[in-house]
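Enquirer: Each residue of the sequence shown is one higher than the one before, starting from 197 at the first, in the working numbering. Backbone N, C-alpha and C define an ideal beta-carbon position, used for all residues, glycine too. Have a look at this one.
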Amino acid sequence: MRFERRGDGTDSRLLLAEWNDSAADYPRDSCLHELFQEQVRCDPDAPAVVHDGLRVSYADLDARANRLARFLAGRGVGADSLVGVCLGRGLDAVVAALAVLKAGGAYVPLDPNYPAARLAAMLADTGTPIVLTQRHFLDRLPADTTADVVLLDEQRAGIDALTSTAPSVVVDPENLAVVLYTSGSTGVPKGAMLTHRGLVRLVRPSAVVRFDRDEVVGQLASVSFDAAAFEMWNALLGGSCLAIYPAETTSLDTLADFLADNQVTTMVFTTGLFHAVVDHRVEMLDGLRQIVVGGEVLSPGHCARVTDRVPGISIVNVYGPTECSAVTCRSTFQPARSAGPLPIGRLMPNTRLYVLDGELKPVPIGEPGEAYIGGDGLGRGFWARPELTAERFVADPFGPPGSRLYRTGDMVRWRPDGDLDFVGRVDDQVKIRGFRIELGEVEHAVAQRPEVAKAAVVAREDQPGVKRLVAYVVAAAGSTIDPPALARDLTDVLPGHMVPSVIVPLDTLPLTPNGKVDRRALPAPDRRSMIATPYTAPRTPAERDLAAV
Numbered sequence: 197m198r199f200e201r202r203g204d205g206t207d208s209r210l211l212l213a214e215w216n217d218s219a220a221d222y223p224r225d226s227c228l229h230e231l232f233q234e235q236v237r238c239d240p241d242a243p244a245v246v247h248d249g250l251r252v253s254y255a256d257l258d259a260r261a262n263r264l265a266r267f268l269a270g271r272g273v274g275a276d277s278l279v280g281v282c283l284g285r286g287l288d289a290v291v292a293a294l295a296v297l298k299a300g301g302a303y304v305p306l307d308p309n310y311p312a313a314r315l316a317a318m319l320a321d322t323g324t325p326i327v328l329t330q331r332h333f334l335d336r337l338p339a340d341t342t343a344d345v346v347l348l349d350e351q352r353a354g355i356d357a358l359t360s361t362a363p364s365v366v367v368d369p370e371n372l373a374v375v376l377y378t379s380g381s382t383g384v385p386k387g388a389m390l391t392h393r394g395l396v397r398l399v400r401p402s403a404v405v406r407f408d409r410d411e412v413v414g415q416l417a418s419v420s421f422d423a424a425a426f427e428m429w430n431a432l433l434g435g436s437c438l439a440i441y442p443a444e445t446t447s448l449d450t451l452a453d454f455l456a457d458n459q460v461t462t463m464v465f466t467t468g469l470f471h472a473v474v475d476h477r478v479e480m481l482d483g484l485r486q487i488v489v490g491g492e493v494l495s496p497g498h499c500a501r502v503t504d505r506v507p508g509i510s511i512v513n514v515y516g517p518t519e520c521s522a523v524t525c526r527s528t529f530q531p532a533r534s535a536g537p538l539p540i541g542r543l544m545p546n547t548r549l550y551v552l553d554g555e556l557k558p559v560p561i562g563e564p565g566e567a568y569i570g571g572d573g574l575g576r577g578f579w580a581r582p583e584l585t586a587e588r589f590v591a592d593p594f595g596p597p598g599s600r601l602y603r604t605g606d607m608v609r610w611r612p613d614g615d616l617d618f619v620g621r622v623d624d625q626v627k628i629r630g631f632r633i634e635l636g637e638v639e640h641a642v643a644q645r646p647e648v649a650k651a652a653v654v655a656r657e658d659q660p661g662v663k664r665l666v667a668y669v670v671a672a673a674g675s676t677i678d679p680p681a682l683a684r685d686l687t688d689v690l691p692g693h694m695v696p697s698v699i700v701p702l703d704t705l706p707l708t709p710n711g712k713v714d715r716r717a718l719p720a721p722d723r724r725s726m727i728a729t730p731y732t733a734p735r736t737p738a739e740r741d742l743a744a745v
């Protein structure tokens with residue numbers, strides 16, 4: 197590689213080599229379930245999962261997953277086979293994910309809280325031949341699905357009768373481990389394909405916080421989010437105990453009880469939820485030793501309130517797209533350096549990140565450019581979306597032949613010390629309370645309603661620190677807009693965190709001279725024009741975050 201120092205201050209050796217020198221040893225030739233097996237052999241009686249008053253050891257979890265894996269293998273699951281997992285947060289979901297991997301397949305989380313139409317679209321996209329669920333979730337799945345729907349609660353006796361040794365399968369670290377669906381700009385969710393190697397690089401050894409036998413890791417994220425994979429696999433491959441937050445609870449006070457009752461020491465929060473917890477009752481974090489926060493810009497003041505109260509606690513700010521196995525950069529909060537915005541930090545091991553301009557050339561230190569990510573965490577692309585994969589997973593101009601980079605759409609910049617700052621987006625993707633949302637998908641869903649002729653959806657922050665989705669709608673001829681009814685209808689096709697919290701009817705949408713919607717001219721909602729959607733349970737942004745995760 198040829199390096200040069202340009203007159204504009206771009207030192208290519210620094211930007212392309214030194215700050216990307218992240219090579220580190222890890223078990224790159226192992227799969228997730230193989231590393232879990234090491235923990236079982238190491239300490240079989242240690243607690244692996246605690247949920248709903250039940251404590252399950254590593255040996256017991258292994259046996260449960262092995263029986264289900266044999267059941268799946270008997271139904272043809274093998275390397276790169278997809279298995280849908282339509283289960284809420286809980287022990288069964290952990291057993292199912294582990295069993296799918298042990299059978300050689302990849303699991304596809306199907307959050308039963310998602311609208312039935314969205315689950316149907318995900319099933320149709322993947323063509324998943326098998327779905328693991330329970331009787332009380334059956335009505336969430338399309339009645340005409342061709343998948344073999346396995347009701348785990350009704351087939352428990354037959355599965356438990358199988359031998360508790362793992363089936364013999366051949367799986368390569370480059371085989372798929374999970375397909376995670378994220379918001380899509382065209383109105384269609386897209387499935388990010390993640391491999392065993394990409395996730396193993398994330399969790400063994402963890403470069404974020406410590407995961408070992410002394411840690412109790414709270415699982416708060418929905419199975420459909422990449423944070424759930426971070427929580428689960430870091431805990432189970434590090435020998436920690438995974439304490440699972442009850443799926444039906446959304447109260448911050450209940451979260452406080454959960455942390456205390458389970459003696460949780462490590463938590464992963466979205467940024468918005470972390471801020472809300474600190475504002476609500478910072479003392480509920482007293483028992484924690486480690487906090488991982490990600491999704492939006494992290495407030496130094498909130499971090500300082502926690503570190504002042506809990507000396508020695510570690511707060512780590514993380515950044516990374518799902519397509520790159522969830523975490524690309526991390527930065528540990530330092531109270532002495534708390535002035536100004538917090539950086540997203542430095543690269544995870546075995547990761548590359550380049551800040552490039554439109555011609556794929558490095559930009560100078562201190563100037564914003566688009567983040568392109570490579571390395572062992574890079575996923576295989578989007579399921580059944582070759583055109584989108586080719587658009588976003590591009591050839592790496594700085595790497596060996598055949599290597600690729602993921603074009604994130606995120607604007608970042610290098611600091612002089614080698615840390616990275618997050619600047620914003622280059623497209624219509626936004627983060628609302630930590631959840632990645634494509635405005636195009638929300639806009640498409642709104643525009644599909646028969647009473648809507650035109651729609652524009654934006655993320656507004658009219659009150660500092662409070663970002664919300666606002667939909668501007670023009671009624672179709674002969675129709676009127678009833679915002680509460682429209683919002684209720686949208687819950688049939690969009691997850692709760694993607695439903696606009698404000699709907700503003702307009703006579704017409706403002707246009708630019710070239711005929712496009714002039715989003716900067718859309719009026720700010722006020723008491724006369726703002727009509728909030730009628731969802732008061734959960735009643736606060738923090739409770740809504742808890743319901744979403």
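How long is the line joining the alpha carbons of A292 and N430, rounded to whole angstroms?
Expert: Going from the Cα of A292 to the Cα of N430 covers about 17 Å.
Enquirer: So what's R314 in DSSP terms, helix, strand or just coil?
Expert: Of the three classes helix, strand and coil, the one that applies to R314 here is helix, per DSSP.
Enquirer: I'd like to know whether the C-beta atoms of S379 and E637 end up nearer to each other than 8 Å.
Expert: In this structure, E637 lies closer than 8 Å to S379 by Cβ.
Enquirer: Relative to the C-alpha of N546, which residue among P564, L552 and I569 is closest?
Expert: The shortest Cα separation from N546 among P564, L552 and I569 belongs to I569.
Enquirer: Is the distance from the Cβ of G573 to the Cβ of T503 below 8 Å?
Expert: Cβ atoms of G573 and T503: not closer than 8 Å.
Enquirer: Suppose you measure from the CA of V695 to the CA of Y310; what does that come to, to the nearest Å?
Expert: Using only the alpha carbons, I get a separation of about 12 Å.
Enquirer: Run through DSSP, which three-state label would N513 get?
Expert: Note: N513 maps to strand in three-state DSSP.
Enquirer: Determine which residues share a DSSP beta bridge with G570 and list them.
Expert: According to DSSP, which records beta bridges pairwise, G570 is partnered with R548.
Enquirer: I'd like to know whether the C-beta atoms of V419 and S436 end up nearer to each other than 8 Å.
Expert: Not a contact, by the Cβ cut-off of 8 Å.
Enquirer: Looking at the strands, I want to know which residues DSSP matches up with V713.
Expert: For V713, which the question treats as bridged, DSSP gives the partners L707.
Enquirer: What's the C-alpha gap between D276 and A339?
Expert: For D276 and A339, the distance between alpha carbons rounds to 26 Å.
Enquirer: Taking 7 Å as the limit between beta carbons, can you name the residues of its chain near R331, skipping five residues before and five after?
Expert: Excluding positions up to five away in sequence, the list reads L347, D349 and E350.
Enquirer: Who are the near neighbours of Y515 in its chain, counting only those whose CB is closer than 7 Å to its CB and skipping five residues on each side?
Expert: Correct list, in chain order: G490, T524, C525, I540 and F618.
Enquirer: Enumerated in chain order, which unbroken segments of the alpha helix (DSSP H) with a length of 4 residues or greater are wholly contained in the region 642–700?
Expert: List check, alpha helix (DSSP H) in window: 679–686.
Enquirer: Where does Q659 land, buried or exposed, given buried means 16+ other C-beta within 10 angstroms?
Expert: Burial call: exposed.
Enquirer: Might you give, ordered along the chain, the residues of its own chain that have their beta carbon closer than 7 Å to the beta carbon of R393, omitting 5 neighbours on each side?
Expert: Contacts found: R224, P369, E370 and D572.
Enquirer: Which whole-angstrom value describes the C-beta separation of L306 and T518, a residue pair presumed to lie in contact below a C-beta threshold of 8 Å?
Expert: Incorrect: roughly 16 Å between the Cβ atoms, too far for contact.
Enquirer: Starting from the C-beta of F199, find all residues in its chain whose C-beta is less than 6 Å away, skip the five residues before and the five after it, and write them out in chain order.
Expert: Interpretation of F199 is limited by its pLDDT of 43, a score under 50 that renders its predicted location unreliable; the figure taken from the coordinates is listed afterwards. Correct list, in chain order: S208 and R209.
Enquirer: Could you tell me the alpha carbon to alpha carbon distance between P734 and S447, rounded to whole angstroms?
Expert: Caution is warranted here: a pLDDT of 42 is assigned to P734, below 50, making its placement in the model unreliable, and no coordinate value can be reported.
Enquirer: Where in the region 568–638 do unbroken runs of the alpha helix (DSSP H), each at least 4 residues long, occur, reported from the N-terminal end onward?
Expert: With a minimum length of 4 residues, the continuous alpha helix (DSSP H) runs that stay inside the region 568–638 are 582–588.
Enquirer: With distances taken from CA atoms, which of L451, R400, S510 and G497 is nearest G661?
Expert: Ranking the options by Cα distance to G661, first place goes to G497.
Enquirer: Should D258 be labelled buried (16 or more other beta-carbon atoms within 10 Å of its own) or exposed?
Expert: With 16 or more Cβ atoms within 10 Å of its Cβ, D258 is classed as buried.
Enquirer: Around the C-beta of K557, are 16 or more other C-beta atoms found within 10 angstroms, so that it is buried, or is it exposed?
Expert: Answer is exposed; the Cβ neighbour count stays below 16.
Enquirer: Under a CB-based cut-off of 8 Å, is A362 close to chain D?
Expert: The structure shown contains no chain D; it holds only a single protein chain.
Enquirer: I need the boundaries of the beta strand (DSSP E) containing C437, first residue and last residue.
Expert: Segment C437 to I440, the beta strand (DSSP E) holding C437.
Enquirer: Alpha carbon to alpha carbon, how far is A452 from G249? Give it in angstroms, no decimals.
Expert: Between G249 and A452, the C-alpha separation is close to 17 Å.
Enquirer: Which word fits C238, buried or exposed, when buried means at least 16 other C-beta atoms lie within 10 angstroms of its C-beta?
Expert: Under this definition C238 is an exposed residue.
Enquirer: Could you check how far apart the C-beta atoms of W579 and L211 are, in whole angstroms? I think they sit under 8 Å.
Expert: W579 to L211, Cβ: 33 Å. No contact.
Enquirer: Looking at the structure shown, is C525 part of a helix, part of a strand, or coil, going by DSSP?
Expert: Three-state result, C525: strand.
Enquirer: Once the 5 residues before and after G203 are set aside, which same chain residues still bring their CB inside 6 Å of it?
Expert: Confidence in G203 is poor, its pLDDT being 46 and thus under 50, which makes the residue's placement unreliable; the coordinate value appears in the next sentence. Hits under 6 Å: none found.
Enquirer: Flag this pair as yes or no: are the beta carbons of L438 and M428 separated by less than 8 Å?
Expert: Cβ distance < 8 Å, so L438 and M428 count as in contact.
Enquirer: Quick one: what does DSSP say A255 is sitting in, helix, strand or coil?
Expert: A255: helix per DSSP, three-state reduction.
Enquirer: Specify whether the region 713–722 and the region 637–655 touch according to this definition: at least 3 beta carbon pairs, one from each stretch, less than 8 Å apart.
Expert: Flag = yes, the region 713–722 and the region 637–655 touch.
Enquirer: Decide if the region 317–326 is in contact with the region 271–288; the criterion is three or more beta carbon pairs, one per stretch, under 8 Å apart.
Expert: Touching, yes, given that three or more Cβ pairs across the two stretches are closer than 8 Å.
Enquirer: Please return the same chain residues whose Cβ sits closer than 8 Å to the Cβ of E555, not counting the five positions on each side in sequence.
Expert: There are no such residues.
Enquirer: To the nearest angstrom, how far is the alpha carbon of A213 from that of V405?
Expert: Their Cα atoms are separated by approximately 25 Å.
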